[in-house]
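Below: one structure, written as structure tokens.
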Amino acid sequence: MNGARIKTWKGGRGYARKISFERIRMINAGNPIIIDQTYVNRMAAASTDEEYDAWSSSSSGDVEISDVSYKGVIGSSTDARAVYFNCGDGAGCRNIVVEDVEMTSAVAGKQLFAVCNNAHGTSSADRSPRVPCLLP
3 MNGARIKTWK GGRGYARKIS FERIRMINAG NPIIIDQTYV NRMAAASTDE
53 EYDAWSSSSS GDVEISDVSY KGVIGSSTDA RAVYFNCGDG AGCRNIVVED
103 VEMTSAVAGK QLFAVCNNAH GTSSADRSPR VPCLLP
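So the number in the numbering used here is just where the residue sits in the sequence shown, counting from 1, plus 2.
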């Protein structure tokens with residue numbers, strides 16, 4: 003199950019801004035913190051693999067995502083990739099703030115990590131998982 007999630011359809015228009023996720027506790031969440039600006043519903047996008055590949059590689063996320071904060075999010079993740087900011091090459095994501103996020107792995111001994119693509123913002127350096135991939 004997804005946690006604090008924002009998804010936008012590839013090729014969409016408009017904006018998602020001033021969104022706050024605060025004081026959330028997650029237990030065994032998959033994708034605890036995720037922004038996916040390149041979401042594709044494969045069944046709606048194309049009827050064949052070739053159509054899907056052509057469509058997905060030519061479309062970019064055009065929905066502007068900005069001013070999103072994650073503060074006081076705690077709990078456990080079933081996915082080692084606990085933070086995933088997948089922002090498109092177009093508008094990207096701006097002013098993402100990650101503060102006081104403390105996640106642990108639901109799998110003993112597994113290290114959590116973050117992945118960012120074209121995501122700009124700041125994060126607390128002393129929490130888990132660390133999010134060093136945010137761009138200034």
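Ideal Cβ placement from N, Cα and C applies to all residues, glycine included.
Keep in mind that this is a model prediction, so the values were computed, not measured.
Check	Outcome
Beta-carbon proximity list for I98, same chain, < 7 angstroms, skipping 5 on both sides	V70, F87, A121, H122, G123 and L136
Classification of G111 by the beta-carbon crowding that lies within 10 angstroms, buried from 16 upward	exposed
Same chain only: Cβ atoms within 6 angstroms of A118, ignoring 5 sequence neighbours per side	Per the sequence shown, residue 118 should be read as Cys rather than Ala. Only F87, C135 and L136 meet the Cβ criterion.
Among Q39, Q113 and P138, nearest to G14 - alpha-carbon criterion	Q39
Contacting residues, own chain, Cβ-Cβ under 7 angstroms from I29 (five flanking each side not counted)	G77 and S78
Proximal residues to M3 (C-beta, below 7 angstroms), its chain only, five neighbours per side dropped	A31 and G32
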